[in-house]
Each structure stands twice: as C-alpha cells, then as structure tokens.
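Report on the following structure.
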Amino acid sequence: MILTTTEEVPGYAVGEILGVVFGNTVRTKNVGRDITAGLKSLVGGELQEYTTMLADARTEAYNRMVNSARDLGADAVVNVRFATSQTMATAAELLAYGTAVKLVPRK
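Here it is, written out as structure tokens:
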C-alpha cells in the first residue's frame, strides 16, 4: 500500500478513485497523566505522557485508514491528512483521511 500526502504517485496514474477513507480514534487523559503533566508544567519542558498518547493515537488512526483502503481494494491512498479536534474537555479525536485509489503504471 502506497500512502502519500501528494495528489500523484511518481510513475503511476490514478486508474480509479475508490473514495475517501478515514480512520479515527478518540483518546482521553487519565488522572495519572494529568498529575504528571501538571507537575511537569511547573518546571516547563515537553509533556512526554501526552506526546506518547498522541503518537499512539496517530498510529492507530493511520492504521485504521489503511485498513479501510485495503477493504476497498486500493493500491494507494493519496492526499493523506491528519486532523485533531477536542471532543470534550478531557478527550481529543485524531483523524487520518485521504483518497483511496487504484493505480496503473505510466508507460
């Protein structure tokens, strides 16, 4: 499976557009992370607990998008993007989306 943030894949043409695919996950903070992050914010620096949580969420959303594209029989997902939104005071959604396509080699 080829994934790209561009509209085209070098050496290939889009033979068929299969549709928009996405994967998402909603994550919430927990008391342990909040306490650790609160203490860390007093002295400054990276909030590693949240960085790890968001990296895990990004990977999960990405994998769900890829699985959706595979279910459609896609060769690639073009125009891949990520978006985040706060769903409530203590939770955030991470969304990965793009266009699933079938590719044909350029001659």
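Going by numbering that gives the first Met the number 0, the letters in the sequence shown line up with residues 0 to 106, in that order. Positions of the beta carbon are idealized from the N, C-alpha and C atoms, including for glycine. Keep in mind the model is a prediction, meaning the values are calculated, not measured.
- Neighbourhood of K28 by C-beta distance below 7 Å, restricted to the same chain and skipping five residues each side: Taking the sequence shown and counting its residues from 1, the one referred to as residue 28 is at position 29. Same-chain partners within the cutoff: T89.
- Item | Alpha carbon of L113 to alpha carbon of N23, nearest angstrom | Residue 113 is absent from the structure shown; the chain starts at 0 and stops at 106.
- Inter-residue Cα distance where the pair is I86 and E92: What you label residue 86 is simply residue 87 of the sequence shown in a count that begins at 1. What you label residue 92 is simply residue 93 of the sequence shown in a count that begins at 1. With the sequence shown as reference, residue 86 is identified as Thr, and Ile is not the correct amino acid for it. Using only the alpha carbons, I get a separation of about 6 Å.
- Please list, in chain order, all residues of the same chain as Y11 whose beta carbon is under 7 Å from its beta carbon, the five residues on each side excluded. Residue numbering aside, residue 11 sits at position 12 when the sequence shown is read from its first letter. Within the same chain, Y11 has close Cβ partners L102, V103, P104, R105.
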